[in-house]
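For reference, the structure is listed below as structure tokens.
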Amino acid sequence: PIPCVPWQSQTSGQYQRRVHGGFKTLNYKFNSVLGPAATQYDVFEAGSIETLVSRVIEGFNATCISYGQTSSGKTFTMEGFTYEKPKSERKHQIYTPHFKKTPPDNYGLCIRAINSLFSQLQDEVKNPEDGQQVINVTVSFCQLYQDIPYDLLTPGSSGKMIPLKIRWRMKSGFYCENLYTHEIKTPEDAIRYLQIGVRRRVVASHRLNKASSRSHCLYTITVERIRGSETIKSKLTLVDLAGSERASQTGALSNATTFKEAIKINRSLMVLRNCVDALAMAARLRLPRHTGD
Numbered sequence: 021p022i023p024c025v026p027w028q029s030q031t032s033g034q035y036q037r038r039v040h041g042g043f044k045t046l047n048y049k050f051n052s053v054l055g056p057a058a059t060q061y062d063v064f065e066a067g068s069i070e071t072l073v074s075r076v077i078e079g080f081n082a083t084c085i086s087y088g089q090t091s092s093g094k095t096f097t098m099e100g101f102t103y104e105k106p107k108s109e110r111k112h113q114i115y116t117p118h119f120k121k122t123p124p125d126n127y128g129l130c131i132r133a134i135n136s137l138f139s140q141l142q143d144e145v146k147n148p149e150d151g152q153q154v155i156n157v158t159v160s161f162c163q164l165y166q167d168i169p170y171d172l173l174t175p176g177s178s179g180k181m182i183p184l185k186i187r188w189r190m191k192s193g194f195y196c197e198n199l200y201t202h203e204i205k206t207p208e209d210a211i212r213y214l215q216i217g218v219r220r221r222v223v224a225s226h227r228l229n230k231a232s233s234r235s236h237c238l239y240t241i242t243v244e245r246i247r248g249s250e251t252i253k254s255k256l257t258l259v260d261l262a263g264s265e266r267a268s269q270t271g272a273l274s275n276a277t278t279f280k281e282a283i284k285i286n287r288s289l290m291v292l293r294n295c296v297d298a299l300a301m302a303a304r305l306r307l308p309r310h311t312g313d
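As structure tokens, then:
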């Protein structure tokens, strides 16, 4: 078993990082730290998800990412669905989601964000500040499995998921070519598409998790607001990353597929970390220096 680290409530500290053959002490700081007794509502509030939703309605893009090692609770935080043991007696059987048996208190950030979005949009329609407007909402659900994107909501004619290609263009940046977007009118529509994608994503069983995500999943809600000749598009992207793994702990050394997945997962998470580090460093370099005068 993996030893547990005692929970501590402090929001700042230091860690050692290897730099050019040596070590450098760096500081870190969190906005908040939640203990093991925290509820899904506590996470929703601490993460300021309702504020993110408000900014999306105003026309800004926002992203919520669940990041951590395998079996740390990322998917539960994002989805919250109840997973049940299958009836078969096969070895390494995979637990499957059971939506109807999920208590509302367990609903994760995705469903809470969806409900918050439609609640706020309803207030916008009732009390428009800038005159009459048309609001369109669409969703897409993509998974990145072994570095290849797939559409979780639109399988091919054979029922298998079709690999997509990542493109780039000046106005929108990177995007998945041929990733379908589905128009929704109610929060129930959005949740239904979420559940369809959850059932189709790649999941496997290993020593630490009976329903381990083997892909990075991006559920994206796009809000389009039309006022006269002006159109504003913004996105809320909810990301459930696969967890970092050690093959010696998960038992992946005895399973070629799981081992290959773990390599891809760990490598992609390292690339993400490097991107975040580069952006943070660039932001620090752009900050004006204050002399204290």
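Start counting at 1 in the sequence shown, then tack on 20, and there's your number in our numbering.
Think of the CB as a built atom: it goes at the ideal place given N, C-alpha and C, for glycine as much as any other residue.
According to DSSP, simplified to helix, strand and coil, what is T277?
helix
Does the beta-carbon of S139 have 16 or more other beta-carbons within 10 angstroms, so that it is buried, or is it exposed?
Result: exposed.
Helix or strand or just coil, what does DSSP make of A57?
DSSP, read as helix, strand or coil, puts A57 in coil.
Nearest neighbour of V218, chosen from V73, Q142, G100 and P124 [CA to CA]:
G100
What three-state label does DSSP hand I22 in the structure shown?
In this prediction, I22 has a pLDDT of 48, which is less than 50 and means its spatial position is unreliable; nothing more can be read from the coordinates.
Quick check on this structure: which residue in C237, N275, K230 and C162 has the alpha carbon closest to the alpha carbon of T102?
Proximity to T102 across C237, N275, K230 and C162 peaks at K230, based on C-alpha coordinates.
DSSP state of D209 mapped onto helix, strand, coil
helix
Just to check, is the beta-carbon of L299 closer than 6 Å to a non-hydrogen atom of the ligand FMN?
The model depicted lacks the ligand FMN and carries no ligand whatsoever.
What does DSSP give as the partner residue(s) for I246 in the beta ladder?
V154 and T251
Less than 8 Å between C-beta atoms, sequence neighbours within five positions excluded: which residues of the same chain meet that for P21?
Confidence at P21 is low in this model, with a pLDDT of 43, below 50, so the placement of that residue should be treated as unreliable; the coordinate-derived value is given next. Contacts found: none.
Going by the CB atoms, is the gap between V243 and S232 shorter than 7 Å?
No, Cβ-Cβ distance for S232 and V243 is not below 7 Å.
Give me the DSSP bridge partner(s) of A303.
Answer is none; A303 lacks a bridge partner.
Taking 7 Å as the cut-off, decide whether the C-beta atoms of Y165 and S235 are in contact.
yes
Is DSSP giving I182 helix, strand or coil here?
Coil at I182, not helix or strand.
Would you kindly report the start and end of the unbroken beta strand (DSSP E) that includes K49?
G42 to K49
Note down, in chain order, each residue of its chain lying with its Cβ closer than 7 Å to the Cβ of L46, except the 5 sequence neighbours on either side.
Q34, Y35 and R37
Buried or exposed for S160, please, with buried defined as at least 16 other CB atoms from any protein chain shown within 10 angstroms of its CB.
buried
For V222, three-class secondary structure by DSSP:
coil
Excluding five sequence neighbours on each side, which residues of the same chain lie with their C-beta closer than 6 Å to the C-beta of L137?
Contacts found: V73.
Euclidean distance between Cα positions of I114 and R220:
13 Å
Beta-bridge pairing of Y170 - partner residues as DSSP gives them
Q163 and P183, per the DSSP bridge assignment.
When you compare only the Cα positions, how much space is there between T71 and E65?
Each residue's alpha carbon lies about 9 Å from the other.
Considering only the beta carbon of each residue, do L316 and Q163 sit closer than 7 Å?
The structure shown does not extend to residue 316, since the chain spans only 21 to 313, so no value can be given for it.
Provide the residue(s) that pair with F194 in DSSP beta bridges, ordered along the chain.
W188
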